[in-house]
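Numbering (our numbering), first residue to last: 1 to 310.
C-beta atoms are modelled at their ideal positions from N, C-alpha and C, and glycine is treated no differently.
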């Protein structure tokens, strides 16, 4: 890892739940969170991340930093009182809150949560979390929900253009391609993981600022340094599941309750305030939370896990 972890604190184990609060400093880019976990059931509650000091590198902008850290770039601007049109200076230090609730916990496997744009990879109780780019909100190009397996791994893959994208090329007046050889103009980049879902790959992108956005034709895009790491970790046959959870609630077991709310990008959930109420009520926590703060979190949809304990 090229990132530098300066401090990790407060590993709390209680009633089969983990809350890991990290305070981190990164000299370049976040490659992934790596957390050693005791294997619990698939609904154990884990919180990762925290206040991160990010040092601006050459070529950085708010969108690219958000893509690296898996954080909405507008939240970065707000947290640092930045004008969104302001050019960042090399060496600037930004505080970024990367705190998030891990939606499911596995012993081994992959979980991709569409609304938050994150991929969680578990191997023998170790968690690695990566930001990803996903399918457009247009129903035709949405990333599908469901279980899958990794069926193949390819380095320097050839892109066999799906018929649906060929048709889009034709409609846009572009030259229709059926395949594209490996190289710098190949949208699959240097690494690709084929899934059992039709035409859905997890792959490097040559458009880094589209990570943690919803701009693909359904595939799962990753930054070059992230997919290089994941490619080495994942074995053919690894199981995974793509889920859709814009609202996440965690009871850490030490009396603290956290809420994380994302945009309902595919319009699959209904009113988010009702979804929040339902999830909190299901845990019998309705009288233990600050509803005024909850309303603010729902309105902001920042994607940051916030303490809502009353």
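{"Asked": "If we count the other Cβ atoms within 10 Å of its Cβ and call it buried at 16 or more, is residue 219 buried or exposed?", "Found": "buried"}
{"Asked": "Give the range of the beta strand (DSSP E) segment to which residue 170 is assigned.", "Found": "Where residue 170 is concerned, there is no enclosing beta strand (DSSP E), although the alpha helix (DSSP H) it sits in stretches over 163 to 171."}
{"Asked": "How big is the Cα-Cα spacing for residue 221 and residue 170?", "Found": "24 angstroms"}
{"Asked": "Check the DSSP bridge columns for residue 195 and list the partner residues they point to.", "Found": "150"}
{"Asked": "My output table needs one value for residue 32: the three-state DSSP class, helix, strand or coil.", "Found": "Note that residue 32 scores a pLDDT of 49, beneath 50, so its modelled location is shaky; the value from the coordinates is reported in the next line. Residue 32 falls in the coil class under three-state DSSP."}
{"Asked": "Report the CB separation of residue 264 from residue 45 in whole angstroms; it is logged as a contact under 8 angstroms.", "Found": "No, residue 264 and residue 45 are not in contact; Cβ-Cβ is about 22 angstroms, not under 8 angstroms."}
{"Asked": "Which one or two residues does DSSP pair with residue 336 in a beta bridge?", "Found": "Given that the chain is displayed from residue 1 to residue 310, the structure contains no residue 336 and the question cannot be resolved."}
{"Asked": "Taking the Cβ atom as the reference point for each residue, do residue 150 and residue 200 lie within a distance shorter than 9 angstroms?", "Found": "no"}
{"Asked": "For residue 261, which of 275, 120 and 255 has the nearest alpha-carbon?", "Found": "275"}
{"Asked": "Using CA atoms only, rank isn't needed, just tell me which of 255, 290, 143 and 185 is closest to residue 132.", "Found": "143"}
{"Asked": "Is it right to say residue 76 is buried, meaning 16 or more other beta carbons lie within 10 angstroms of its own, or is it exposed?", "Found": "buried"}
{"Asked": "Give the straight-line distance between the Cα atoms of residue 195 and residue 238, rounded to the nearest whole angstrom.", "Found": "9 angstroms"}
{"Asked": "Could you pull the DSSP bridge partners for residue 123 from this structure?", "Found": "126"}
{"Asked": "Is it a yes or a no for the region 120 to 135 touching the region 82 to 94, going by three-plus beta-carbon pairs under 8 angstroms?", "Found": "no"}
{"Asked": "Please confirm whether residue 234 and residue 301 have their CB atoms less than 9 angstroms apart.", "Found": "no"}
{"Asked": "What are the partner residues of residue 248, as DSSP defines its beta bridges?", "Found": "260"}
{"Asked": "Once you ignore the five residues that flank residue 115 on each side, which residues in its own chain have a CB closer than 7 angstroms to its CB?", "Found": "244, 245, 246, 262, 263, 264 and 265"}
{"Asked": "I'd like to know if the region 182 to 195 and the region 156 to 163 are in contact, where contact means that at least 3 CB-CB pairs between them fall below 8 angstroms.", "Found": "yes"}
{"Asked": "Alpha carbon to alpha carbon, what distance is there between residue 48 and residue 91?", "Found": "26 angstroms"}
{"Asked": "Quick check on residue 160: buried or exposed, where buried means 16 or more other Cβ atoms within 10 Å of its Cβ?", "Found": "exposed"}
{"Asked": "Would you identify the three-state DSSP class for residue 25, choosing helix, strand or coil?", "Found": "Note that residue 25 scores a pLDDT of 42, beneath 50, so its modelled location is shaky; the value from the coordinates is reported in the next line. Residue state, collapsed to three classes: strand."}
{"Asked": "Can you tell me the Cα-Cα spacing of residue 110 and residue 236, whole angstroms?", "Found": "12 angstroms"}
{"Asked": "Under 8 angstroms Cβ to Cβ from residue 146, same chain only, skipping five residues before and after it: list those, please.", "Found": "197, 241 and 242"}
{"Asked": "When the Cα atoms are used, what is the spatial distance from residue 288 to residue 309?", "Found": "6 angstroms"}
{"Asked": "DSSP state of residue 189, grouped into three classes?", "Found": "coil"}
{"Asked": "Going by Cα to Cα distance, which pick from 271, 175, 89 and 259 is closest to residue 285?", "Found": "259"}
{"Asked": "How far does the beta strand (DSSP E) with residue 178 in it extend, from its first residue to its last?", "Found": "No beta strand (DSSP E) holds residue 178; DSSP gives it neither H nor E."}
{"Asked": "Round the Cβ separation of residue 88 and residue 56 to the nearest angstrom and send it over; I've been treating them as touching at under 8 angstroms.", "Found": "5 angstroms"}
{"Asked": "Taking only three categories from DSSP, how would you classify residue 160?", "Found": "strand"}
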